[in-house]
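Protein chains in written order, with the numbering used here: chain A, 1 to 191; chain B, 192 to 571.
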């Protein structure tokens, strides 16, 4: 993986703001995997996650001219868009009876899951993800979000704080509590 | 104390986390740095360790990033293309046209035609302003004047326009003489008489209402007429016999109108207090083209009646007398062009555009009733 410098990012963002789609494409290559993991943790279907990831970047392209680098790190800006896109996706999904709770009613018994086979996906992977979804669904919303942003997508505490609109200190406390809560859901080792 | 302990625990956990994430320490070795807090932070670190093993199940499939980058790039290009600026659309249109020479030629011809029409129309309007009777563009000049009259609100505005148009007619008469187009002089003179009479009537109406705008307009009319009468006097020396009568008529009307304008300038809005002593008849100032049907002696009213409704109504028939007969009405061909006041027996004269003089030093015998606008001839 090529080394990534902040100076590169600043330059690419400026070029993208000037309408350079190639520069935006490089930003996409840099951040697509992180966004994809975050999105995929919120949806059951890989194809939906792929579509949603592209949708996130398309939204970012449309609004990048309004983005100000001094206000928020670019990655945090991307994940704010991703978070909104996921919320919109679930609103649409509720109407089509494919509900994965992100906000509001998150009781597993009242959720309708999409268990259709994911084409091109190994069965073992599906089972692992289903287990992860089940555990995450038992966590409260801010715990789930901080775990996904910090440990799935690799955002720093500061970037996570920007996305969640909290202080970095609050994020550090939150991540510790979220992991402790998750540990309680995991099977006891050797048990 | 409890809060301090919790804060310390968060800091220790964060320190361990950074050591593990940076690869400096492994799970157990990181905990070994903080033996007192190890038991408290161990569950969180175990959960983190478990998570790190599961993240790969959420990785994108191989090749997804590159393929989706191409898809995204195509969608962006599509959006950019759909938001082309106007200039680019024109360029695209021209590019499309350039595929066919015939289409290009037709497009250019249409553009030239539209541009030419716009320029030509404005040029014709400007050129028509110097046209005289007999010119092709003269009807357009008259049409423009009529349009101005329609669009101008109020009698003061109309009076101003009639003064301006009467001036045009006088200038046209001069041009016609200089060009030798004598056949159009008579009709131009008739039109001048009509317009100057209307201007005078409107000015009188305005003055009777006490409108201060009447005096400057009357001054304008008078000055125009005085200036033009000098030129007419010069031209009267070179005109042929066939238009002498028309010129006499023109001179008489000019002088009468100067006098009328002077009356308006000197009009005092308040009613005169003295009783007129003149027995001279008052003849309603006629509008050329209309024949006054009533004449009356000023003395018959006894006093000046301020209310127009109490004065005998002056009616104008729509029957036109304009035309050569006007020239002959009470104006012998031998009449001196410079005669400004024509003494005449009222009973023997057909009312025409003349001013009947009053004895000097006597008050104006009566005020004429403002003409009924509805009786005016309709605008041409």
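Every residue gets a Cβ at the ideal spot worked out from N, C-alpha and C, and that includes glycine.
Exposed or buried, what is residue i when buried is set at 16 or more other beta-carbons lying within 10 Å of its beta-carbon?
i	result
residue 78 of chain A	buried
residue 251 of chain B	buried
residue 302 of chain B	exposed
residue 165 of chain B	Residue 165 of chain B falls outside the range modelled here, since chain B spans only 192 to 571, and no answer is possible.
residue 150 of chain A	buried
residue 20 of chain A	exposed
residue 413 of chain B	buried
residue 61 of chain A	buried
residue 370 of chain B	exposed
residue 25 of chain A	buried
residue 395 of chain B	buried
residue 464 of chain B	Bear in mind that the predicted position of residue 464 of chain B carries a pLDDT of just 39, short of 50, making it unreliable; the figure below should be weighed with that in mind. Answer is exposed; the Cβ neighbour count stays below 16.
residue 446 of chain B	buried
residue 324 of chain B	buried
residue 361 of chain B	buried
residue 425 of chain B	exposed
residue 346 of chain B	buried
residue 133 of chain A	buried
residue 90 of chain A	buried
residue 335 of chain B	exposed
residue 87 of chain A	exposed
Check whether the Cβ atoms of residue i and residue j lie closer than 8 Å to each other.
i	j	result
residue 404 of chain B	residue 397 of chain B	yes
residue 380 of chain B	residue 440 of chain B	yes
residue 39 of chain A	residue 52 of chain A	yes
residue 153 of chain A	residue 37 of chain A	yes
residue 218 of chain B	residue 204 of chain B	no
residue 143 of chain A	residue 177 of chain A	yes
residue 431 of chain B	residue 373 of chain B	yes
residue 29 of chain A	residue 256 of chain B	yes
residue 387 of chain B	residue 448 of chain B	yes
residue 35 of chain A	residue 56 of chain A	yes
residue 238 of chain B	residue 139 of chain A	no
residue 81 of chain A	residue 16 of chain A	no
residue 245 of chain B	residue 128 of chain A	yes
residue 437 of chain B	residue 377 of chain B	yes
residue 164 of chain A	residue 171 of chain A	yes
residue 329 of chain B	residue 318 of chain B	no
Alpha carbon to alpha carbon, how far is residue i from residue j?
i	j	result
residue 297 of chain B	residue 306 of chain B	14 Å
residue 350 of chain B	residue 299 of chain B	48 Å
residue 210 of chain B	residue 222 of chain B	10 Å
residue 232 of chain A	residue 23 of chain A	With chain A covering 1 to 191 only, the question about residue 232 of chain A has no answer from this structure.
residue 544 of chain B	residue 309 of chain B	No answer about residue 544 of chain B holds up, because its pLDDT of 42 lies below 50 and its placement is not dependable.
residue 354 of chain B	residue 326 of chain B	23 Å
residue 162 of chain A	residue 295 of chain B	57 Å
residue 407 of chain B	residue 392 of chain B	15 Å
residue 230 of chain B	residue 76 of chain A	33 Å
residue 41 of chain A	residue 188 of chain A	24 Å
residue 167 of chain A	residue 259 of chain B	34 Å
residue 124 of chain A	residue 248 of chain B	9 Å
residue 340 of chain B	residue 315 of chain B	20 Å
residue 467 of chain B	residue 320 of chain B	Because the pLDDT at residue 467 of chain B is just 40, under 50, the model does not fix this residue reliably, and the value given afterwards should be weighed accordingly. The straight-line gap from Cα to Cα measures roughly 47 Å.
residue 266 of chain B	residue 71 of chain A	28 Å
residue 434 of chain B	residue 385 of chain B	19 Å
residue 359 of chain B	residue 304 of chain B	34 Å
residue 126 of chain A	residue 235 of chain B	25 Å
residue 454 of chain B	residue 389 of chain B	15 Å
residue 49 of chain A	residue 84 of chain A	14 Å
residue 458 of chain B	residue 311 of chain B	48 Å
residue 415 of chain B	residue 401 of chain B	23 Å
residue 214 of chain B	residue 208 of chain B	10 Å
residue 202 of chain B	residue 181 of chain A	18 Å
residue 284 of chain B	residue 273 of chain B	15 Å
residue 332 of chain B	residue 356 of chain B	11 Å
residue 9 of chain A	residue 31 of chain A	11 Å
residue 383 of chain B	residue 399 of chain B	24 Å
residue 262 of chain B	residue 54 of chain A	8 Å
Under 8 Å, Cβ to Cβ, is there at least one residue of chain E near residue i?
i	result
residue 332 of chain B	Absent from the structure is chain E; the protein chains it does hold are A and B.
Can you determine whether any heavy atom of the ligand FMN sits closer than 7 Å to the C-beta of residue i, and answer yes or no?
i	result
residue 203 of chain B	Because no ligand of any kind appears in the structure shown, any question about the ligand FMN cannot be addressed here.
Please specify which runs of the alpha helix (DSSP H), each continuous and at least 4 residues long, are wholly inside the region 383-449 of chain B, giving them in chain order. 405-426
Ignoring anything shorter than 4 residues or poking outside the region 201-240 of chain B, list the alpha helix (DSSP H) runs there in chain order. 218-223
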